[in-house]
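Student: Before anything else, here's the structure in question.
Right, here's the structure in full:
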């Protein structure tokens, strides 16, 4: 299935890192992009070379998400064509080390916030009869990641919600409204810049460290050609799905995962140099 480039694209968490790269890739691909972020000034700065359309948005705010969806729908002749739920936060370490407020915040942003954005977008798209929600999940949404347990739990929830919602759309006869999940490996963004010595973040360094631009390019292609789940790189998706299907094997390989993560942190430290960026 191919979705033609049309209308407005909303990107959450777009002031920097992956969100900013996705917004730039979509703009280059012909979308009229509305950049949103909790930091209004940073969103405006990021939007300046991309048409200057930005808005402050807390993804946990249902009314605010609905307002952004309505603004995007009315901002172009093609309506709201794409909504990218990218905003997210990472916490690392054993699950018992996080207090209730931290656990709640991760779930509220990564899972409930993305659900809220999805439903705000779908309210418009269902009325239009077309549209596409692209949820940035993670490989951590496909397997329990040691050291990133709470984060992984939030991403598992988002994946299940996305696929269930897509099935609901098809059950309702809406064949031109899509939901896709992009599940990338670790991405070298500010989320990981200060975690080169963090033992809780080892899982993010076990595979291929991706650039925001590579992930953004894949997101732009996925926006054109919706698919339920896309892993990046593909081989890592196959690997983690195999381990998820064999939990006893995955647990037995924990020492190997730890060693691979430490080696990955060393490689990345060498790659980025002393300034760590």
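Residue numbers (the numbering used here): -6 to 270.
All C-beta atoms in this analysis are idealised placements derived from N, C-alpha and C, irrespective of residue type, glycine included.
#1: Which residues mark the beginning and the end of the beta strand (DSSP E) in which residue 48 is found?
#2: Quick check: the segment 96 to 112 against the segment 202 to 222, are there 3 or more CB pairs under 8 angstroms?
#3: Just the Cα atoms here: how many angstroms apart are residue 1 and residue 134?
#4: With a threshold of 8 angstroms, are at least 3 pairs of Cβ atoms found where one atom belongs to the segment 162 to 170 and the other to the segment 49 to 65?
#5: Grab the span of the beta strand (DSSP E) containing residue 25 for me, first residue to last.
#6: Mind reading off the beta-carbon distance from residue 257 to residue 199? Whole number of angstroms is fine, and I expect it under 8 angstroms.
#7: For residue 121, I'd like the list of residues in its chain whose CB is within less than 6 angstroms of its CB, leaving aside the five on either flank, ordered along the chain.
#8: List in chain order: all unbroken alpha helix (DSSP H) runs of 4+ residues lying wholly within the segment 128 to 188.
#9: Taking the beta carbon of residue 178 as the centre, do at least 16 other beta carbons fall within 10 Å, making it buried, or is it exposed?
#10: In the structure shown, what three-state DSSP assignment does residue 77 receive?
#11: So, is residue 4 buried or exposed, given that buried needs 16 or more other C-beta atoms within 10 angstroms?
#12: Can you tell me the Cα-Cα spacing of residue 250 and residue 70, whole angstroms?
#13: Based on Cα-Cα distance, which residue from 148, 164, 247, 262 lies nearest to residue 129?
#14: Would you mind working out which of 185, 173, 224, 191 sits nearest residue 218, comparing C-alpha positions?
#15: Looking only at its chain, what residues have a beta carbon closer than 6 angstroms to the beta carbon of residue 138, apart from the 5 residues adjacent to it on each side?
#16: Can you tell me the Cα-Cα spacing of residue 124 and residue 230, whole angstroms?
#17: Flag this pair as touching only if the segment 79 to 88 and the segment 98 to 107 have three or more C-beta atom pairs under 8 angstroms; answer yes or no.
#18: Suppose contacts are defined by Cβ-Cβ distances below 8 angstroms. Is residue 10 in contact with residue 30 by that definition?
#19: So, for residue 273: in the same chain, excluding its five sequence neighbours on each side, which residues have a beta-carbon less than 8 angstroms away from its beta-carbon?
#20: Got a sec? Which residues, its chain only, sit under 6 angstroms from residue 248 by beta carbon, not counting five neighbours each side?
#21: Roughly how many angstroms lie between the CA atoms of residue 153 and residue 111, to the nearest whole one?
#22: Under the rule that 16 or more other beta-carbon atoms within 10 Å means buried, what is residue 67, buried or exposed?
#23: Around the Cβ of residue 263, are there at least 16 other Cβ atoms within 10 angstroms (buried) or fewer (exposed)?
#24: Just reading off the beta strand (DSSP E) that residue 225 is part of, what are its end residues?
#25: Given that a residue counts as buried once 16 or more other Cβ atoms are within 10 Å of its Cβ, and exposed if not, what is residue -6?
Tutor: The structure says:
#1: Within the chain shown, numbered from 1, the residue matching residue 48 stands at position 55. Per DSSP, residue 48 is one residue of the beta strand (DSSP E) stretching across 47 to 49.
#2: Not touching, per the Cβ criterion.
#3: Mapped onto the chain shown, residue 1 falls at position 8. Mapped onto the chain shown, residue 134 falls at position 141. Approximately 27 angstroms, taken between the alpha carbons.
#4: Proximity of the segment 162 to 170 to the segment 49 to 65 falls short of the contact definition, fewer than three beta-carbon pairs being nearer than 8 angstroms.
#5: As a position in the chain shown, residue 25 is number 32, starting the count at 1. That run of the beta strand (DSSP E) goes 25 to 30.
#6: Here the question's residue 257 lines up with position 264 in the chain shown. Here the question's residue 199 lines up with position 206 in the chain shown. About 6 angstroms separates the two Cβ atoms, so the contact holds.
#7: For the purposes of this step, residue 121 is identified with residue 128 of the chain shown, where counting begins at 1. 72.
#8: Counting whole runs of 4 or more residues, the segment 128 to 188 contains the alpha helix (DSSP H) stretches 142 to 164, 183 to 186.
#9: Translated into positions along the chain shown, residue 178 becomes position 185. The C-beta of residue 178 has 16 or more other C-beta atoms within 10 Å across all chains shown, which makes the residue buried.
#10: Reading the chain shown from its first residue, position 84 is the one you call residue 77. Residue state, collapsed to three classes: strand.
#11: As a position in the chain shown, residue 4 is number 11, starting the count at 1. With 16 or more Cβ atoms within 10 Å of its Cβ, residue 4 is classed as buried.
#12: Counting from one through the chain shown, the residue named residue 250 turns up at place 257. Counting from one through the chain shown, the residue named residue 70 turns up at place 77. Cα-Cα distance, rounded: 50 angstroms.
#13: As a working mapping, residue 129 is identified with position 136 in the chain shown. It is 148 whose Cα lies nearest to the Cα of residue 129.
#14: Along the chain shown, one-based indexing puts residue 218 at 225. Ranking the options by Cα distance to residue 218, first place goes to 173.
#15: Looking up residue 138 in the chain shown gives position 145. Hits under 6 angstroms: 145, 196.
#16: Indexing the chain shown from 1 puts residue 124 at position 131. Indexing the chain shown from 1 puts residue 230 at position 237. The straight-line gap separating the alpha-carbon atoms of residue 124 and residue 230 is approximately 26 angstroms.
#17: Verdict: yes, contact present.
#18: Within the chain shown, residue 10 is the residue found at index 17, counting from 1. Within the chain shown, residue 30 is the residue found at index 37, counting from 1. No, these two residues do not count as a Cβ contact at 8 angstroms.
#19: This structure does not reach residue 273, given that the chain is present from -6 up to 270, and the question cannot be answered.
#20: Here residue 248 refers to the residue found at position 255 of the chain shown. Cβ neighbours of residue 248 beyond the five flanking positions: none.
#21: In the chain shown, the residue the question calls residue 153 occupies position 160. In the chain shown, the residue the question calls residue 111 occupies position 118. Their Cα atoms are separated by approximately 13 angstroms.
#22: Residue 67 sits at position 74 when you count from the first residue of the chain shown. Classification of residue 67: exposed, given that the 10 Å Cβ count is below 16.
#23: On the chain shown, position 270 is the one that residue 263 refers to. Counting the other CB atoms within 10 Å of its CB gives residue 263 a total below 16, which places it among the exposed residues.
#24: Sequence index remark: in the chain shown, residue 225 carries index 232 (1-based). Where residue 225 is concerned, the enclosing beta strand (DSSP E) stretches over 222 to 225.
#25: Translated into positions along the chain shown, residue -6 becomes position 1. With a pLDDT of 47 at residue -6, under the threshold of 50, the predicted position of this residue should be treated as unreliable, though the coordinate-derived value follows. So residue -6 ends up on the exposed side.
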